[in-house]
Every structure is written in structure tokens, then in C-alpha cells.
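J.:
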Amino acid sequence: MKSLKHISVAFLIILISGLGTYYLKPNNPIMMTFHFLIVGFFIFNLIIRKSLSFKNYFTSQYNLFTTKVRSEKSYDIPKELMFEKIIEVINHSDFKLVESDKDKFEILAISTITFKSWGENLYISFETKGNETIMKFYSATLFQIYSWGKNEKNCTDLLNEIESSLTI
Amino acid sequence: MAIVVNLDVMLAKRKMKLKELSEKVGVSTVNLSILKQGKVKAIRFSTLDSICLALDCQPGDILEHIK
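Heads up: the sequence lines are chains Y and U, in that order. Under the working numbering, read the first sequence as residues 17 to 184, first letter to last. Under the working numbering, read the second sequence as residues 39 to 105, first letter to last.
What follows is the structure, given as C-alpha cells:
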């Protein structure tokens, strides 16, 4: 899957370079269509990002336009309590809480826009295994193939916030 | 863990709800629930002081070491 992604990136670069000569000409229909398609796709992603329903779309391995990182952490705290705790932690952090589903135990938070990225979607889900609650973090970019380490940073930052919040 | 948190016992003795203690101490109910279950990593002296003040008790009434 990763090689397919690299091939598609290479293809996109070649395509943009190849069409560069057309791009220099004003009102070129091919380039305008291409341009509008990219902008349209970006706006589409921007609109649907604020819903938990599109979690599978952003975190799917077949979505070549996003980069995602997955990590896990378990605590011996009940799931219900951990869910409330994470919401509290997110509200006190740099992340913005967008949606939370208490029935499915899922949380969606987004990170702020920086020079490196358009902000990432951070999906958190909870599972119970024995006495432990396993939290699964997915950090996915909005519309970029490389996250410049932002996905990993998001997961690390949130985990650090959780750890420090356990000192009351 | 060898340290047992007896916060629920003290709350019952003082006939106080967790929410009431949360408002008095200024610590969220979620954090107090986690403390009550003894799942916190650490407790600040300032938090312990506030809890003792609100419950009119000693730190030893809340925390107990079991061998």
C-alpha cells in the first residue's frame, strides 16, 4: 500500500510538472478543471472532517490522500470514567473537541492549523479488556500525503497530557 | 497498590456527595472519582490540603498504607 502511495505521489508530481506548461497559459481548461478538482476535494474533506461518521473514510488504508498514525494505551480505569477524563483533558489542551459519542465511546478532536499542516483529525476509541481500558488513537491528516511528524506528535502530546492529568 | 484511598469512607462519614466536594475543593468530579478508586499517579499537597479542609479530617483519614 505504501509503494502504491509513493507511485501515486510520483505520478501526481509528473502530472503537475507536465501540465505546468499549460498552466502558464491563461484560461487553460484542463488546468482549470484539475485545479478546481483539487480545491473541491480539499473543501469536501474540510466539511466532512467535523463528523465522527467519516472516521472510516479518513483512517482507511485505501485513502491515499491522508496519512494516519495509530497508537494504543491502556489504563486500569473504567471505560466510562476514562471517556469523561479524556474529554476533560482535550478541553484543557491545544486540541479542539469536535464530537463525542457516549454510546459508541468515540471522540473526535482536531488539532490547530500550523505551517506544517491543515490540522489533523484525532479519533479516540475505547475498549474494555478485563479490568483495563484500551484507548486507540488515530491521528489522520486532512488532505496531505506527508504529515511532517505531526501525527506522531499529536499522539505523544495527548498521551503526555493524559499522564500529567493523572496527578491531581 | 499498597496505598489505599478511603475517600468514599470519609465522604460517607461527612454525608457529603462527590459533586459537593468537587465544588468545595475545585477538582473535577472525574478526577475525584479516579482518586476515589486509587487510580491516580500522584496527589498534590495542595489538593490533599483542600480535601482535608473540606472534609475536616487528617491526610491519614484519606490515605492508608497496607502491607
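By construction, the Cβ of each residue, glycine as well, lies at the ideal position given by its N, Cα and C atoms. Predicted, not measured: the structure shown is a model, and the values here were computed from it.
Any residues in the region 55 to 81 of chain U with a beta carbon nearer than 9 Å to a beta carbon of chain Y? Which ones, in chain order?
T.: Under the 9 Å Cβ criterion, the region 55 to 81 of chain U contributes 65, 66, 67, 68, 69, 70, 71, 72, 73, 75, 77, 78, 79, 80, 81.
J.: Check residue 112 of chain Y in the structure and name its three-state DSSP category.
T.: Of the three classes helix, strand and coil, the one that applies to residue 112 of chain Y here is strand, per DSSP.
J.: Short of 7 Å Cβ to Cβ, which residues in the region 73 to 99 of chain Y face chain U?
T.: 92, 93, 97
J.: Using the rule of at least 16 other Cβ atoms within 10 Å of the residue's Cβ for burial, across every protein chain shown, is residue 143 of chain Y buried or exposed?
T.: exposed
J.: Establish whether the CB of residue 181 of chain Y and some CB of chain U are separated by less than 9 Å.
T.: yes
J.: Using a Cβ-Cβ cutoff of less than 7 Å, which residues in the same chain neighbour residue 101 of chain U once the five nearest sequence positions on both sides are dropped?
T.: 41, 43
J.: Alpha carbon to alpha carbon, what distance is there between residue 27 of chain Y and residue 47 of chain Y?
T.: About 16 Å.
J.: Scan the region 74 to 111 of chain Y and note each continuous alpha helix (DSSP H) run of 4 residues or more that stays entirely inside, going in chain order.
T.: 95 to 107
J.: Please tell me whether residue 82 of chain Y and residue 156 of chain Y are closer than 9 Å, where the distance is taken between their beta carbons.
T.: yes
J.: Return the bridge partner residues of residue 136 of chain Y from the DSSP annotation.
T.: The partner list for residue 136 of chain Y (beta bridge, DSSP) reads Y:157.
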